[in-house]
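**Student:** For the sequence shown, the working numbering assigns the number 42 to the initial residue and increments by one for each residue that follows. Just so you know, even glycine gets a beta-carbon here, dropped at the ideal spot from N, CA and C. The following block contains the structure, expressed as structure tokens.
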Amino acid sequence: MMKRNALISVGVLLSVLGIVFMYALMSKIEHRRSLALPEYFDIPEFSLASTTGNRFGSEDMAGKVSVLDFIFTTCLGPCPVMGTKMKLLYEEFAQEPTVQLVSISVDPVRDTLPVLENYAERFGVTDNRWAFLREDNMERVAGIIENGFKLAADDLPFSHPVQLILIDPKGKIRGYYDGTQDADVDSLTAHIHHLLDN
């Protein structure tokens, strides 16, 4: 009788362990599914002046996970918030040489390269992992935004996109995130890790 009870106990224990294992496995699969990223578009070809003194463009994004946004230095609305979020990413991925940030000015009149350089210093940028770019021609900037990244550029510089755009090493846009919202930036951070792990 005792032997039979022991066998029943072992059987129950194995059943419980099996259920726990299956639950853990399903949770892991569901978590992976939740990180599955869409592929939207290829990034446009562009080449812009950079605060480093060199040109920076779409070719410089090959082989790297990039986060790109559109800003202007005199913005008193979303830009300081977006900049703070980008700085958090800059610090989070400080040890990841394949992660880079790219900020493109939408105000060619005021945002000269020295102005952008000072702006970068305000956010503690000390290396080339965060590029600040500009273009003299506002129509070209609008074209990059609208035709390339598929965002609105109706009233630049004031009404500019607030999205942080995630781009994979093959130059494909993988996500758009509201750069003023903590939850969106948390998702972006998780998705960057996901791209680095795959």
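By Cβ distance below 6 Å, which residues in the same chain neighbour isoleucine 112 in space, the five residues on each side in sequence not counted?
**Tutor:** Only Cys120, Ser144 meet the Cβ criterion.
**Student:** Given this structure, state the Cα-to-Cα distance separating glutamate 180 from lysine 191, to the nearest angstrom.
**Tutor:** Between glutamate 180 and lysine 191, the C-alpha separation is close to 15 Å.
**Student:** Compute the beta-carbon to beta-carbon distance between isoleucine 206 and aspartate 110, rounded to the nearest angstrom, for a pair I have assumed lies under 8 Å.
**Tutor:** Yes, isoleucine 206 and aspartate 110 are in contact; Cβ-Cβ is about 7 Å, under 8 Å.
**Student:** Under 8 Å, with one C-beta from each stretch per pair, do the stretch 195 to 205 and the stretch 158 to 178 reach the 3-pair mark?
**Tutor:** With the cut-off at 8 Å, the stretch 195 to 205 and the stretch 158 to 178 do not touch.
**Student:** According to the neighbour-count rule (16 or more other Cβ atoms, all chains shown, within 10 Å of its Cβ), is serine 88 buried or exposed?
**Tutor:** Exposed, since its Cβ has fewer than 16 Cβ neighbours within 10 Å.
**Student:** With distances taken Cα to Cα, identify the nearest neighbour of serine 200 among Asn188, Lys126, Asp148, Asp152.
**Tutor:** The candidate whose alpha carbon is nearest that of serine 200 is Asp148.
**Student:** Taking the CB atoms as reference points, tell me whether glycine 212 and serine 99 lie closer together than 8 Å.
**Tutor:** Yes, the Cβ-Cβ distance between glycine 212 and serine 99 is below 8 Å.
**Student:** Which residue wins for smallest C-alpha separation from phenylalanine 82, given the options Ala224, His235, Arg215?
**Tutor:** Of the listed residues, the one whose Cα sits closest to phenylalanine 82 is Arg215.
**Student:** Measuring alpha carbon to alpha carbon, tell me which of Glu86, Leu78, Thr93, Pro79 ends up nearest aspartate 168.
**Tutor:** Nearest C-alpha to aspartate 168: Thr93.
**Student:** Assuming aspartate 209 contacts valine 108 under a Cβ cut-off of 8 Å, what Cβ separation, rounded to an integer in Å, is found between them?
**Tutor:** With a Cβ gap of about 11 Å, aspartate 209 and valine 108 do not count as contacting.
**Student:** Could you name the residues of the same chain whose beta carbon sits closer than 8 Å to that of glutamate 187, not counting the 5 residues immediately before and after it, in chain order?
**Tutor:** Around glutamate 187: Ala193, Ala194.
**Student:** What's the C-alpha gap between isoleucine 86 and phenylalanine 97?
**Tutor:** Here residue 86 turns out to be glutamate, not isoleucine, going by the sequence shown. Whole-angstrom Cα-Cα distance: 11 Å.
**Student:** Below 8 Å CB to CB, which residues in the same chain sit around histidine 232 once its five sequence neighbours on both sides are set aside?
**Tutor:** Closer than 8 Å at Cβ, skipping near neighbours: Leu76, Leu78, Leu207, Arg215, Gly216.
**Student:** What residue range does the alpha helix (DSSP H) around valine 226 cover?
**Tutor:** Note, valine 226: alpha helix (DSSP H), 223 to 238.
**Student:** Compute the distance between the beta-carbons of serine 146 and leucine 130, then report whether it is under 8 Å.
**Tutor:** Result no, Cβ atoms of serine 146 and leucine 130 do not sit closer than 8 Å.
**Student:** How would you write the range of the alpha helix (DSSP H) that valine 106 sits in, first residue to last?
**Tutor:** Premise fails: valine 106 lies in the beta strand (DSSP E), 106 to 112, not in any alpha helix (DSSP H).
**Student:** Is the Cβ-Cβ distance between glutamine 141 and arginine 170 less than 8 Å?
**Tutor:** Yes, the pair counts as a contact, with Cβ atoms nearer than the cut-off.
**Student:** On the three-state DSSP scale, how would you describe alanine 161?
**Tutor:** Looking at alanine 161 - three-state DSSP - the assignment turns out to be helix.
**Student:** Could you give the distance in angstroms between the alpha-carbon of alanine 103 and the alpha-carbon of isoleucine 84?
**Tutor:** Their backbone Cα atoms lie some 10 Å apart in a straight line.
**Student:** In the structure shown, what three-state DSSP assignment does valine 147 receive?
**Tutor:** Residue state, collapsed to three classes: coil.
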